[in-house]
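Be aware that the sequence shown starts at 1, since it is given in UniProt numbering, and climbs by one per residue. Just so it is clear, CB atoms sit at the ideal spot from N, CA and C, and this is done for glycine as well. All values reported here derive from a predicted model rather than from experimental measurement.
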Amino acid sequence: MGRKRRSRSPSSSGSGSDSQSGSSDDRKRKSSKKKQKSSSERRHRSPSSSSSVSDDARRRKRHSSEDSDGAKAEERKRRKEEKLAEKIRRKKEERRQKETPEQRAARKAASKQTGTAARFGYSNDSNPFGDSNLEEQFTWRKKLDKEGTDPAAVTKKQLRDAHQAKLEEIEKVRKRREESEKEKEEFERLKAEEARLREQQQYGDWQRKEEEFHLHQAKTRSKIRLIEGRERPIDMVAKNLLIFGEAPAGPGVGGGIHYSSGRELDTSSLEIELREPYRLCEGLSVAELEELAADVRAYQEMEDAQEGANRAFWAALGVVCADELARAQEAAGIVPAAAGLHKNVRGDVAALLEGRDAARLEELREQVDGRVQRGEGDVDYWAAVSQQLRAHAARAALRALHEAMLQRQLERLEALREERARRRAEAIELGEPLPEDLQPAAAAAAGDGGGAAAAAADRDASDAALALEVAERGKGLEDLEDAMGLGDEVDTSGTTYWWNDKYRPRKPRYFNRVKTGYDWNKYNQSHYDHDNPPPKTVQGYKFNVFYPDLLDRSVTPQFKLEPSDHPDMAIIRFTAGPPYEDIAFKIVNREWEYARKRGFRCVFERGVLSLFFNFKRHRYRK
């Protein structure tokens, strides 16, 4: 109220507006002066200088634009990386917020182990060193103290270099280990290959030995049946082979005669078969021929597997058996007659081929087979003729083998007789007594007790008679000579001879063994070893006494012990009924083991008394 309002006068307002307008006028004057100055400068410049200035300006402008573009690209890349890092950081932050400290520690440990395992193949949990702190840095403080090095003075670069050197060394060790493992695998592979080849060779030996065993068993069975008088057709066919031993064929078949060793069944009581093997197949029934053919095939397979010396014999015999079986089946009406060759014509063909050697028959068969293959003439007829030629060639081969076997036996007997004559002449010339094997009464005094001399004498006499017969047959007929037939023989069946008695008194045959071995008592263990063993001692006996012809089979043969003239020896006597005499042996006088598990056996079966026993062993006890 008391204040007075100040009012502006027109003069004051006008002065303010005048000052504002004056400042604007000053700015306009300055800009106009600058423009005039620049224009005047341009007017005073030369044309060359103006062009260079313009080029520099354009260049600067271009460079500035390029720099601005590169800066913009770098800026965009930086911003993109920042966004990605920010995104990863946010994800990690979210994961950290969600997981517990234990989970975080386990995750870090797993990540660290995964990295180490990826590089070296080892981790704290799985390494060949058993180190659970494998990923932690190891500082060998004692070594650093000994070297006078301060662990704090080691720079990071030195640590990195040492770490890199260790990594390179570990890589080299790993490569060497891998190479060593590869070499070991290759060695194991070669070792397995050698073992496989060795096993294959050993299996071949086992197979060969098994075939040898089966062949030996088959021959042993035949020998036993022949000795006991219950022979089968296969035994009669193989009789000479069993007596003479392994016998490859003669002319046309190849080989020679080899005689059996001594550790075989005694076949000295068997008579030599003079008939050819194929003659034994004639007259057999269909069942007997089938059985014989099966046995021949078995022998043939075993001989082929062993590459034995009698392969040609069994092959030829198999052909003959097949031919005889076919004829028997046709005669019995089991199978129809073969086409191409009538039975009447077959006899003429057989008569034409009889007596020819195997080589000529094989040559004829090859010619006939050629005609059959070319289809010339009657094919069925020539095929039947080829079969007949094959069968007759097999018969000729068997005949050649049989003659060679007998001829070889004759040569052996001649050599034996010459040797005995020479020894007898030397003994007489020197005035010395004749040896036991050269005395005529030695064989008779020994009887049939199973001794080697008696058996050899009997067999030599039989062989000598056979040799004379073979030699006489081989001479042939001279002029004005003819063979005598059965009609010229006079019947003398009414005459009785003293040797007709089959059950004349005789000693039984036997096959005994002595069991010996080493007694490793305290003394022998102290003074001997396996390189220098102690003397062998008798540990037991095995007696096999044969009584095939007992008159009273209800009476069992017995044995008993008798004192000897020496206290360390005893006499064991075997007693049976007629026609066998007692037989005794001297044995060691010691206490027997009667337990079955200790090897005791006393059995009489199939005409054989078997007595096996071992002596007791007394062991020292404190």
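Thinking C-beta only, is PRO533 closer than 8 Å to TYR518? For TYR518 and PRO533, yes; Cβs fall inside 8 Å.
By how many angstroms is the C-alpha of PHE585 removed from the C-alpha of LEU609? Distance between the alpha carbons of LEU609 and PHE585: 15 Å.
Given 8 Å as the limit, is there contact between the stretch 415–429 and the stretch 399–406, that is, 3 or more CB pairs closer than that? Contact check between the stretch 415–429 and the stretch 399–406: fewer than three CB pairs, one atom from each, fall below 8 Å, which does not count as touching.
Within 8 Å, do at least three Cβ pairs link the stretch 228–248 to the stretch 281–296? Contact holds: three or more Cβ-Cβ distances are below 8 Å.
Which same chain residues, not among the five before or five after ALA192, have their C-beta less than 8 Å away from its C-beta? Correct list: empty, nothing qualifies.
Take residue 646 as the anchor and find which of LEU550, PHE313, ARG619 has the nearest alpha-carbon. Residue 646 lies beyond the residue range present for the chain, which begins at 1 and ends at 622; the question has no answer from this structure.
For TRP158, count neighbouring Cβ atoms within 10 angstroms of its own Cβ and tell me buried if that reaches 16, exposed if not. A small correction: the amino acid at residue 158 is Gln; Trp does not occupy that position in the sequence shown. In this structure GLN158 is exposed. Its beta-carbon is surrounded by fewer than 16 other beta-carbon atoms within 10 angstroms.
Is it buried or exposed, LYS175, if we count other Cβ atoms within 10 angstroms and call 16 or more buried? Exposed, since its Cβ has fewer than 16 Cβ neighbours within 10 Å.
From the DSSP secondary-structure annotation, give me the bridge partner or partners of LYS560. BP columns for LYS560 point to ARG573.
Secondary structure of GLY540, DSSP reduced to three states: Here GLY540 sits in strand by DSSP.
Sequence-distant residues of its chain with Cβ nearer than 8 Å to HIS44 (five each side left out): Confidence at HIS44 is low in this model, with a pLDDT of 47, below 50, so the placement of that residue should be treated as unreliable; the coordinate-derived value is given next. Listed in chain order, the non-local C-beta contacts of HIS44 below 8 Å within the same chain number zero, local neighbours out to five positions each way being set aside.
At the level of alpha carbons, what is the spacing between ASP323 and ALA391? Inter-residue distance for ASP323 and ALA391 is about 7 Å (C-alpha atoms, whole angstroms).
Which value, in whole angstroms, describes the spacing of the CA atoms of ASP145 and ASN127? Between the C-alpha atoms of ASP145 and ASN127 there is a straight-line separation of about 30 Å.
Tell me the rounded alpha-carbon separation between HIS216 and TYR299. Approximately 10 Å between the Cα atoms of the pair.
Using 8 Å for Cβ pairs, my map puts ASP531 next to PRO579. What's the rounded Cβ distance? About 53 Å; that fails the 8 Å criterion.
So is GLN97 buried or exposed if we call it buried at 16+ other beta carbons inside 10 Å? Around the beta carbon of GLN97, fewer than 16 other beta carbons lie within 10 angstroms, which makes this residue exposed.
Helix, strand or coil, according to DSSP, for LYS616 in the structure here? In the structure shown, LYS616 sits in coil (DSSP, three-state: anything other than H, G, I, E or B).
Give me, in chain order, the residues of the same chain whose beta-carbon lies closer than 6 Å to that of ALA595; leave out the 5 immediate sequence neighbours on both sides. Hits under 6 Å: none found.
Using only the alpha-carbon positions, how far apart do LEU270 and ILE227 sit? Whole-angstrom Cα-Cα distance: 7 Å.
Contacts around GLN558, its chain only, beta-carbon distance under 6 Å, and the 5 residues preceding and following it disregarded: By the criterion of a C-beta distance shorter than 6 Å, GLN558 is surrounded in its chain by THR575, once the five residues flanking it on both sides are discounted.
ALA421 versus GLU411: straight-line alpha-carbon distance, rounded: Approximately 15 Å between the Cα atoms of the pair.
Measuring only the C-alpha atoms, how far is ARG79 from ILE88? Straight-line Cα distance between these residues: approximately 14 Å.
Could you give the distance in angstroms between the alpha-carbon of ARG573 and the alpha-carbon of VAL545? C-alpha separation (whole angstroms): 11 Å.
Suppose contacts are defined by Cβ-Cβ distances below 8 Å. Is GLN539 in contact with THR516 by that definition? Yes.
Please list the terminal residues of the continuous alpha helix (DSSP H) segment that includes ALA316. Segment 311–331, the alpha helix (DSSP H) holding ALA316.
Straight-line gap, THR155 to ARG177 (C-alpha atoms, nearest Å): Each residue's CA atom was taken as its position, placing THR155 and ARG177 some 33 Å apart.
Pull up the distance between the alpha-carbon of PRO151 and that of GLU75, whole angstroms please. Looking at the two C-alpha atoms, the distance is approximately 44 Å.
Just to confirm the assignment, what range does the alpha helix (DSSP H) spanning VAL237 have? 233–237 is the extent of the alpha helix (DSSP H) around VAL237.
Neighbourhood of ASP552 by C-beta, 6 Å cutoff - its chain only, sequence neighbours within 5 removed: Only GLY577 meet the Cβ criterion.
Alpha-carbon to alpha-carbon, PHE213 and residue 642: Residue coverage of the chain in this structure runs from 1 to 622, which leaves residue 642 outside it and unanswerable.
THR149 versus LEU134: straight-line alpha-carbon distance, rounded: Per the coordinates, the alpha-carbon of THR149 lies some 24 Å from the alpha-carbon of LEU134.
Which listed residue (ARG327, ALA326, ILE334, ALA293) has its alpha carbon closest to that of ALA315: It is ALA293.
Return the residue from the list LEU398, ARG504, LYS166 that minimises the CA-CA distance to GLY318. It is LEU398.
Could you tell me the distance, in whole angstroms, from the CA atom of ALA57 to the CA atom of LYS77? If you take the alpha carbons of ALA57 and LYS77, they lie about 30 Å apart.
Local conformation of ALA421 per DSSP, three classes: The DSSP-derived three-state label of ALA421 is helix.
Span separating the alpha-carbon of VAL368 from that of ARG356: Each residue's Cα considered, the two are about 16 Å apart.
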